[in-house]
Amino acid sequence: IACTTLDVDLVCINVTEKLPFYFRRPPVNMAIDRGIYFELLYTPAIKDSTMRRYTISNAISLMQICKGK
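Those letters in the sequence shown? Residues 40 to 108, by my numbering.
Written out as C-alpha cells, the structure reads:
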C-alpha cells in the first residue's frame with residue numbers, strides 16, 4: 040500500500056528475516072515511477088549467518104523485481 044497510495048519518500052524493509060510476502064512487480068514499479076526509494080536494513084546480518092542468508096535472498100528478490108532501478 041505504501042508503494043501505490045501513501046505519500047512517502049522511502050520504504051524501509053527489514054530483510055534480515057523471512058518476509059511474509061513476495062515482492063510484486065506492479066507495485067514496485069509504481070513506487071519507482073512515483074520517486075519512492077527502498078531502504079534495506081541489513082545491519083543485523085553482519086552478526087548472524089541466518090540473517091545474512093535472508094538479507095541476501097530478499098535483496099536479490101527485490102533487485103530482480105525492480106531490475107536494479
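Glycine included, each C-beta is placed from N, C-alpha and C at the ideal position.
Under the three-state reduction of DSSP, L79 is assigned to strand. Between L49 and Y76, the gap from beta carbon to beta carbon is short of 8 Å. One Cα belongs to I104, the other to R63, and the distance between them is close to 7 Å. Restricting attention to T44, I99 and A84, the CA atom closest to the CA of A70 is found in T44. With a 10 Å radius around the Cβ and a threshold of 16 neighbouring Cβ atoms, Y93 comes out buried. In the three-state reduction of the DSSP assignment, L49 falls in the strand class, which pools E and B. Under the 10 Å beta carbon count, T55 is surrounded by 16 or more other beta carbons and is classified as buried.
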